[in-house]
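**Q** Start counting the sequence shown at 1; every next residue gets the next number (UniProt numbering). Even glycine gets a Cβ: it sits at the ideal position worked out from N, Cα and C.
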Amino acid sequence: MLGNLKDQPADKILALMASYREDPRAEKIDLGVGVYKDAQGNTPIMRAVKEAEARLLKSETTKSYVALAGDPAYAKALSELILGDALAADRMAAVATPGGTGAFRQGVDLVRMANPDATFHVSAPTWPNHLSILKTVGQPFVEYRYFDNATGEVDFDGMMEDLGKVASGDVVLVHGCCHNPTGANLTEAQWEAVADLIGERGAIAFVDLAYQGFGDGLEEDATGTRILARKLPEMLIGASCSKNFGIYRERTGLLMGLCDPAHVKTVQGNMNHLNRQNFSFPPDHGARIVTTILNDAELTADWKAELEEMRTGMLALREQLAAELRRLTNSDRFDFIARHRGMFSRLGLSPEQVEAIRKDFAVYIVGDSRINVAGLNEETVPKLAQAIAATYE
Ligand code: PLP
Ligand code: TYF
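1) Mark residue 225 as exposed unless 16 or more other C-beta atoms lie within 10 angstroms of its C-beta, in which case mark it buried.
2) Leaving aside the five residues before and after residue 111 along the sequence, list all residues of the same chain whose C-beta is less than 7 Å from its C-beta, in chain order.
3) In the DSSP assignment, the beta strand (DSSP E) including residue 346 goes from what residue to what residue?
4) I need the boundaries of the alpha helix (DSSP H) containing residue 82, first residue and last residue.
5) In whole angstroms, give me the CA-to-CA distance for residue 192 and residue 228.
6) Could you check if residue 45 is buried or exposed, using at least 16 other CB atoms within 10 Å of its CB as the buried criterion?
7) Are residue 106 and residue 95 close, meaning C-beta to C-beta below 8 Å?
8) Please determine, among 160, 6, 73 and 37, the residue with the shortest C-alpha to C-alpha distance to residue 289.
9) Nearest by alpha-carbon distance to residue 19: which of 39, 365 and 378 is it?
10) Quick one: residues in its chain with C-beta nearer than 7 Å to the C-beta of residue 149, no 5 flanking neighbours on either side, listed in chain order?
11) For residue 238, does the three-state DSSP call read helix, strand or coil?
12) Just grab the DSSP bridge partners of residue 372 for me.
13) Going by the C-beta, is residue 33 closer than 7 Å to any heavy atom of the ligand TYF?
14) Helix, strand or coil: which one does DSSP assign to residue 61?
15) May I ask you to check if the CB of residue 100 is nearer than 7 Å to at least one heavy atom of the ligand PLP?
16) Can you check which of these residues, 108, 187 and 64, is closest to residue 339 by C-alpha distance?
17) Say yes only if the C-beta of residue 14 is nearer than 7 Å to one or more non-hydrogen atoms of the ligand TYF, and no if none qualify.
18) Beta-carbon within less than 6 Å of residue 251's beta-carbon, same chain only, minus the 5 sequence neighbours each way: which residues are those?
19) Count the other CB atoms, across all protein chains shown, that sit within 10 Å of the CB of residue 265; report buried if there are 16 or more and exposed otherwise.
20) If I'm right that residue 78 touches residue 254 with Cβ under 8 Å, what's the distance once you round it to whole angstroms?
21) Taking the continuous alpha helix (DSSP H) assigned at residue 258, which residues delimit it?
22) Can you tell me where the beta strand (DSSP E) with residue 143 in it begins and where it stops?
23) For the ligand PLP, I want to know if residue 104 counts as a neighbour, meaning its beta carbon is within less than 7 Å of at least one of the ligand's heavy atoms.
24) Buried or exposed: residue 212, going by 16 or more other Cβ atoms within 10 Å of its Cβ?
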């Protein structure tokens, strides 16, 4: 029976990770997978996370099961961080999930249970896992215009035109901040317009929030999510703590559903049910780290300070790279790199250019020309700029 299985297409980002590892060249630079790295190329455990773990090691007396929804203190702490004063606890249901991926998957399953015909509207482009999960679950989806490859900016007119065709009961998937893979994001005024349009169409917003604190700051990065939460009667939010707490392998996510208070109990029950069908109890260790940090003023302050260092470090690298490319290409065509936010920028290079950069300069960029800015440091920025400029000669 198992012989019936067919090979599955590899995840291109993870495949690139493997070919980087196999490259013997000492000077190689990895700008592939979306993992934060410091100037030395390490992905350190954040100070507050280490401290929270030390405290947990001392204070935890059991590893018994928690609950299908996870620890309610985790959902409370994280939803407050995300929604701030846009949070109305009486209209929220939430379950802990294995990472942001798990939150998205559980959210798609929930939509399917509520309305199997709901079409997902996804940005062109989006994170490849969104598409593969929608395909696996069998939920219909279509793309809306989002990114203008020529300018490196959001194609907002195209986006609004496409979202204007969304049907009532459909789902509009948006990246809450730090769009993956492009790095191009909406302004506050554009978020307002998108929220109004989704509301007019009678659709539901599904926010994937995986990089809060990596763009313009913790509060600023939640702006779009909060605007949608205030304006829309119903929405879903899939959040990840992988990046902003640096706890990737702990698999720490949260699915939130905002709805009429009269429906909260049933929505919560369905979320719990879905967790039980898929894995019973969600992972707890990462969630407990996050809760420990967010419920302690000192740890929160230290975590925010370290996150801010990471964020401003990535911004400085963006500025440096844009300046270097301005000089080398004698044009402003790459200035968008400094305007983009988060870990990623899509450069708008052809697959041939990306391949030439890998072959000739040992710089690993995802095939769609997405770079992970955190994979750079002050010394490697000029090397990347030279590699890019060389492909235009
Ligand atoms: N959504 C987006 C857009 C992402 O880039 C990621 C990245 O890792 C995730 C969700 C979920 O990540 P994880 O499952 O590691 O929390
Ligand atoms: O886009 C990225 O690089 C991150 C990490 O299957 C990632 O979101 C990449 C591929 C994948 C899971 C996570």
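**A** Well, looking at it:
1) Looking up residue 225 in the sequence shown gives position 225. Buried is the call here.
2) What you label residue 111 is simply residue 111 of the sequence shown in a count that begins at 1. 118, 139 and 171, listed in sequence order.
3) In the sequence shown, counting from the first residue as 1, residue 346 sits at position 346. Segment 344-346, the beta strand (DSSP E) holding residue 346.
4) In the sequence shown, counting from the first residue as 1, residue 82 sits at position 82. Taken as a continuous stretch (DSSP letters only), the alpha helix (DSSP H) holding residue 82 covers 72-83.
5) As a position in the sequence shown, residue 192 is number 192, starting the count at 1. As a position in the sequence shown, residue 228 is number 228, starting the count at 1. C-alpha separation (whole angstroms): 8 Å.
6) Numbered from 1 along the sequence shown, position 45 holds the residue referred to as residue 45. With fewer than 16 other Cβ atoms within 10 Å, it is exposed.
7) Residue numbering aside, residue 106 sits at position 106 when the sequence shown is read from its first letter. Residue numbering aside, residue 95 sits at position 95 when the sequence shown is read from its first letter. A contact, by the Cβ cut-off of 8 Å.
8) For the purposes of this step, residue 289 is taken as residue 289 along the sequence shown, with counting starting at 1. Comparing Cα positions, the closest option is 73.
9) Here residue 19 refers to the residue found at position 19 when the sequence shown is read from its first residue. With distances taken between Cα atoms, residue 19 lies closest to 365.
10) For the purposes of this step, residue 149 is taken as the residue at position 149 of the sequence shown. The answer, listed in chain order, is 348.
11) Here the question's residue 238 lines up with position 238 in the sequence shown. Residue 238: strand per DSSP, three-state reduction.
12) The count along the sequence shown starts at 1 and reaches residue 372 at position 372. Paired residue(s): 344.
13) To locate residue 33, count along the sequence shown from 1; it is residue 33. Flag set: Cβ of residue 33 near the ligand TYF.
14) By one-based count along the sequence shown, residue 61 stands at place 61. The answer is coil: DSSP assigns residue 61 none of H, G, I, E or B.
15) In the sequence shown, counting from the first residue as 1, residue 100 sits at position 100. Answer for residue 100: yes, Cβ within range of the ligand PLP.
16) Your numbering for residue 339 matches position 339 in the sequence shown. Checking every option, the nearest Cα to that of residue 339 belongs to 187.
17) Working through the sequence shown from its first residue, we reach residue 14 at position 14. Yes, since a heavy atom of the ligand TYF falls inside the 7 Å radius drawn around the Cβ of residue 14.
18) Start at 1 with the first residue of the sequence shown, and residue 251 comes out as number 251. Excluding positions up to five away in sequence, the list reads 98, 99 and 283.
19) On the sequence shown, residue 265 is found 265 positions in, with the first residue counted as 1. By the 10 Å Cβ count, residue 265 comes out exposed.
20) Taking the sequence shown and counting its residues from 1, one reaches residue 78 at position 78. Taking the sequence shown and counting its residues from 1, one reaches residue 254 at position 254. Indeed they touch by this definition, with Cβ atoms about 5 Å apart.
21) For the purposes of this step, residue 258 is taken as residue 258 along the sequence shown, with counting starting at 1. Looking at the DSSP string, residue 258 is not in any alpha helix (DSSP H); the run it does join, the beta strand (DSSP E), is 253-258.
22) Indexing the sequence shown from 1 puts residue 143 at position 143. 141-145 is the extent of the beta strand (DSSP E) around residue 143.
23) Taking the sequence shown and counting its residues from 1, the one referred to as residue 104 is at position 104. Yes, the Cβ of residue 104 comes within 7 Å of a heavy atom of the ligand PLP.
24) Translated into the one-based positions of the sequence shown, residue 212 becomes position 212. Buried, because 16 or more other Cβ atoms sit within 10 Å of the Cβ of residue 212.
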